[in-house]
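So in my numbering, the last spot in the sequence shown is 264, and the numbers never skip. Following: one structure in structure tokens, then a few remarks.
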Amino acid sequence: MTVWMYTILSVLGVSLLSLIGVFTLSLSKDRLNQMMHLLVSFAVGSLFGGAFIHLLPEIFSNESINDIWTSLFLLSGILLFFVLEKFVRWRHCHDEDCEEHTQHLVPMNLVGDSLHNFIDGILIAVAFQADIQLGFATTIAVALHELPQEIGDFGVLIQGGLTVKRALAYNLLTGLMGVVGAVLALIIGSTAQGFVHALLPITAGGFIYIAGSDLIPELHRHQDPRKSIAQLFFMILGIAIMALLAR
């Protein structure tokens, strides 16, 4: 019961981040972009930290696991997120005026975001089923990644012609798909042996793919040395927080 409570409350907390876009309306474009690249840097550190400090040690601490199969599941996580990004067009644009995002239809954005949040819910639920501390670390990593994404998605909906209220409502509804994913994972995990052990390396692979293939290339768009130093600092800060949670 404790696992269910922690999972649902954590996923609900992450889902509420879908409303954060409204607080960016008063920010100038330059100020928003400056804030976004720091948030993305923070998310990179937390995702790498979540994968290498929390998930992988938890996975390989199980003496009964098969190293080859575990490695294949990890690689399948990387491939899975590649496929999702390629064919569902789940694109993480973290600038509010991203040209690629604004060319997409609003319904397509909502479908992609719903699937993304559904998977986030599964990942958080699986982590809590493995270990409570791991669940909280995974929740924090997912939440830090969600911050810049939800701001970007809110901007897409506004530029797509939706009112502020409707954009917030749609963003919240897609965010709540995480609860659906979490409940499904909790039910399956309680009945199917090996479900959690299979999903943990897939989660780690997903974190590594998102941080390395999706977020870091966006940071390379900023060539200013001061911004690069700030990015490195926030990446280290994200890793440090994950390390502190492991103590």
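All C-beta atoms, glycine included, are put in the ideal place defined by N, C-alpha and C.
(request) Determine the direct distance from the alpha carbon of leucine 151 to that of glycine 206, and round the result to whole angstroms. (result) If I take the Cα positions, the gap works out to 16 Å.
Query raised in the report: Of the residues His239, Leu261, Ala260, which one's Cα is nearest the Cα of methionine 52?
Result: Checked all of His239, Leu261, Ala260; the closest Cα to methionine 52 is His239.
When the cut-off is 7 Å and only beta carbons count, does glycine 206 lie next to chain C? This model lacks chain C altogether; it includes just one protein chain.
| task | Give a yes or no on contact between the region 57 to 67 and the region 239 to 252, applying the rule of three or more CB pairs nearer than 8 Å. | result | Pairwise C-beta distances place the region 57 to 67 in contact with the region 239 to 252, as three or more of them are shorter than 8 Å.
Under three-state DSSP, which class holds glutamine 146?
Helix.
Assuming isoleucine 219 contacts glycine 94 (C-beta within less than 8 Å), just tell me the rounded distance between them.
Contact flag correct, Cβ pair sits at about 4 Å.
Fill in: Enclosing alpha helix (DSSP H) for histidine 214 [first to last residue]
Per DSSP, the continuous alpha helix (DSSP H) segment holding histidine 214 begins and ends at 212 to 226.
Below 8 Å on the Cβ atoms is my contact criterion, and I expect isoleucine 139 with glycine 198 to pass it. Report the Cβ-Cβ distance as a whole number of Å. Taking 8 Å as the upper bound for CB-CB distance, isoleucine 139 and glycine 198 are in contact here, some 4 Å apart.
| N-terminal and C-terminal residue of the alpha helix (DSSP H) that valine 39 is part of | Counted as a single uninterrupted DSSP element, the stretch harbouring valine 39 is not any alpha helix (DSSP H), since DSSP gives it neither H nor E.
Closest by CA to threonine 156, which one among Gly195, Leu73, Leu92, Met125? Here the closest residue by C-alpha is Gly195.
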